[in-house]
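Report on one structure; see the data block that follows.
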Amino acid sequence: MKISEVKNRLSSLVNEVYRKETRVLVEKSGIPVAALVSADDLRRLNQLDRAWDDRTRAIERFSRAFADVPTAEAEAEVARIIAERWQRRAAEAERQLA
0 MKISEVKNRL
10 SSLVNEVYRK
20 ETRVLVEKSG
30 IPVAALVSAD
40 DLRRLNQLDR
50 AWDDRTRAIE
60 RFSRAFADVP
70 TAEAEAEVAR
80 IIAERWQRRA
90 AEAERQLA
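Written out as structure tokens, the structure reads:
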């Protein structure tokens, strides 16, 4: 929606967003520049951002810890660990069914 239209309709748009009837993409000269979203949506977006940042930091720590390990060796070790865990889960499932 053009920014001029958003300005003219701001009060009604805020009410619609609050009631979760819409989300508004604001455009300036045809370029998306902002959005009007509910407070709940913004809270969820912020949670997703924090989770993404946490995962990124974990991957960076993991990468630094194994920087001197050849890629093929690291991939083989990861595959071995995954296979081991699947075997344990399968064994647990069998025990629960017995």
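For the sequence shown, counting from 1, position 12 maps to 11 in numbering that gives the first Met the number 0; every step adds exactly one. From the three backbone atoms N, C-alpha and C, an ideal C-beta is built for every residue, glycine too.
Segment limits, beta strand (DSSP E) that includes residue i
i, result
"residue 27", "23-27"
Under 8 Å between C-beta atoms of residue i and residue j
i, j, result
"residue 58", "residue 27", "no"
"residue 33", "residue 25", "yes"
"residue 5", "residue 16", "no"
"residue 65", "residue 71", "no"
For residue j and residue i, believed in contact at Cβ under 8 Å, the rounded distance
i, j, result
"residue 44", "residue 13", "That pair is no contact at about 18 Å."
DSSP-derived helix/strand/coil call for residue i
i, result
"residue 1", "strand"
"residue 66", "coil"
"residue 32", "strand"
"residue 37", "coil"
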